[in-house]
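As structure tokens, the structure follows; a few thoughts come after it.
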Amino acid sequence: EVIAPGAAAVEHVEPRGETPAERVLSLVLLGDLVSIYLSALLGVDPSPMEPIERLKELLR
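To get the numbering used here, take the position in the sequence shown, counting from 1, and add 547.
Laid out in structure tokens, this is it:
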């Protein structure tokens with residue numbers, strides 16, 4: 548709900564792993580890899596975290 552309005556597309560991804568911890572970590576890794584790939588593709592520095600900080604403020 549928070550991300551979808553600013554996104555070009557939203558994909559549902561099934562996690563991999565047998566335990567809950569494995570499934571969570573598989574999704575964290577996937578998110579990190581997607582961020583790195585997109586930043587390289589778009590020539591953007593992935594370090595700034597303003598969108599994440601805004602999301603944290605909305606969730607408080």
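Positions of the beta carbon are idealized from the N, C-alpha and C atoms, including for glycine.
Where do the ends of the alpha helix (DSSP H) carrying alanine 587 lie? Residue 587 sits at position 40 when you count from the first residue of the sequence shown. First-last of the alpha helix (DSSP H) with alanine 587: 567–589.
Under 7 Å, do leucine 580 and proline 562 count as touching if we go by C-beta distance? Along the sequence shown, read from residue 1 onward, the residue named residue 580 stands at position 33. Along the sequence shown, read from residue 1 onward, the residue named residue 562 stands at position 15. No, the Cβ-Cβ distance between leucine 580 and proline 562 is not below 7 Å.
Give the DSSP-derived three-state secondary structure of alanine 555 in the structure shown. As a first step, residue 555 must be located in the sequence shown, where it is residue number 8. Alanine 555 falls in the coil class under three-state DSSP.
Is it true that the CB of glycine 564 sits closer than 7 Å to the CB of arginine 570? Taking the sequence shown and counting its residues from 1, the one referred to as residue 570 is at position 23. Taking the sequence shown and counting its residues from 1, the one referred to as residue 564 is at position 17. Against a cut-off of 7 Å, the Cβ pair of glycine 564 and arginine 570 comes out as a contact.
So, using beta-carbon positions, are proline 593 and serine 582 closer together than 7 Å? Here residue 593 refers to the residue found at position 46 when the sequence shown is read from its first residue. Here residue 582 refers to the residue found at position 35 when the sequence shown is read from its first residue. Cβ distance < 7 Å, so proline 593 and serine 582 count as in contact.
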